[in-house]
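Okay, so the sequence shown: first residue is 168 according to this note's numbering, each after it adds one.
Structure first, commentary second.
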Amino acid sequence: GDTLRYTITVKNIGTGDGVNVILRDAIPVNTTYVAGSTTLNGGAVADVAGASALVTGLPIDSPANATLGLMPADASTNPANVATITFNVVVNANVAEGTVISNQGFVSTTGIADTPPKMALSLSTSSGTPSWAVLTAFE
């Protein structure tokens, strides 16, 4: 099947720093995770028991502050305060032509339960290179 690369960007546009920030993202239905393909800000992220660390929850940070789990408040357009996470999946061979492959992640932080972000754009695709952008406010 086709290989899909998901790119997730997370930025804290709120007024308070996010502490213990975790991104969870189950592998989309009708796909298989490509082992070793998860990255955080360009660096490899070790798999957990053969699965992406995103499945159980990946602490994230921005390049501007490499403290794992800390996302500083920043409502500006500064790209240095954006965490970028990527992973690859392969569409399973038995998936019918035209089947929509969709994906949704969840961001949590201390004091905020594991819920969808306040603002999110989620794209679905059956082939190509989808991108999922998240703008999350921690207040």
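Every residue gets a Cβ at the ideal spot worked out from N, C-alpha and C, and that includes glycine.
Keep in mind it's a predicted model, so treat the numbers as computed, not measured.
- request: Buried or exposed for residue 179, please, with buried defined as at least 16 other CB atoms from any protein chain shown within 10 angstroms of its CB.
  value: As a first step, residue 179 must be located in the sequence shown, where it is residue number 12. Under this definition residue 179 is a buried residue.
task: With a threshold of 16 other CB atoms inside 10 Å of the CB of residue 225, please say whether the residue is buried or exposed.
output: Walking along the sequence shown from the start, residue 225 turns up at place 58. Buried, since its Cβ has 16 or more Cβ neighbours within 10 Å.
field: CB of residue 256 within 8 Å of CB of residue 201, strictly
entry: As a working mapping, residue 256 is identified with position 89 in the sequence shown. As a working mapping, residue 201 is identified with position 34 in the sequence shown. Result yes, Cβ atoms of residue 256 and residue 201 sit closer than 8 Å.
- prompt: Within this structure, are the beta carbons of residue 254 and residue 204 separated by less than 8 Å?
  reply: The sequence position of residue 254 within the sequence shown is 87, counting from 1. The sequence position of residue 204 within the sequence shown is 37, counting from 1. One thing to note: residue 254 has its Cβ within 8 Å of the Cβ of residue 204.
query: What's the call for residue 210, buried or exposed, on a 16-neighbour Cβ count within 10 Å?
result: Here residue 210 corresponds to residue number 43 of the sequence shown, with the count starting at 1. Counting of Cβ neighbours within 10 angstroms places residue 210 among the exposed residues, the total staying below 16.
field: Assumed close pair residue 262, residue 197 - CB separation to whole angstroms, cut-off 8 Å
entry: If you number the sequence shown from 1, residue 262 lands on position 95. If you number the sequence shown from 1, residue 197 lands on position 30. Taking C-beta atoms under 8 Å as the contact rule, residue 262 and residue 197 qualify, at a distance of about 5 Å.
field: Reduced DSSP category for residue 242 - H, G, I as helix; E, B as strand; rest coil
entry: Position 75 of the sequence shown, counted from the start, is the residue given in the question as residue 242. In this structure, residue 242 counts as coil in the three-state DSSP scheme.
- prompt: Terminal residues of the continuous beta strand (DSSP E) containing residue 275?
  reply: Looking up residue 275 in the sequence shown gives position 108. Membership of residue 275 in the beta strand (DSSP E) is indicated by the continuous run 272-276.
Residues near residue 251 by beta carbon distance below 6 Å, same chain, minus five either side: For the purposes of this step, residue 251 is taken as residue 84 along the sequence shown, with counting starting at 1. These residues qualify, in order along the chain: 176 and 208.
query: Out of curiosity, what's the CA-to-CA distance linking residue 230 and residue 222?
result: Your numbering for residue 230 matches position 63 in the sequence shown. Your numbering for residue 222 matches position 55 in the sequence shown. Those two C-alpha atoms are separated by around 22 Å.
field: residue 259 and residue 173 closer than 8 Å at C-beta
entry: Here the question's residue 259 lines up with position 92 in the sequence shown. Here the question's residue 173 lines up with position 6 in the sequence shown. No, Cβ-Cβ distance for residue 259 and residue 173 is not below 8 Å.
message: So the candidates are 171, 213 and 247; which of them puts its Cα closest to the Cα of residue 232?
response: Translated into positions along the sequence shown, residue 232 becomes position 65. Scanning 171, 213 and 247 for the CA closest to the CA of residue 232 turns up 247.
task: Note down, in chain order, each residue of its chain lying with its Cβ closer than 6 Å to the Cβ of residue 236, except the 5 sequence neighbours on either side.
output: Here the question's residue 236 lines up with position 69 in the sequence shown. Correct list, in chain order: 187, 188 and 226.
task: Give me the Cα-Cα distance between residue 244 and residue 238, rounded to the nearest whole angstrom.
output: As a first step, residue 244 is located in the sequence shown; it is residue number 77 there, counting from the start. As a first step, residue 238 is located in the sequence shown; it is residue number 71 there, counting from the start. CA-to-CA, the gap between residue 244 and residue 238 works out to about 15 Å.
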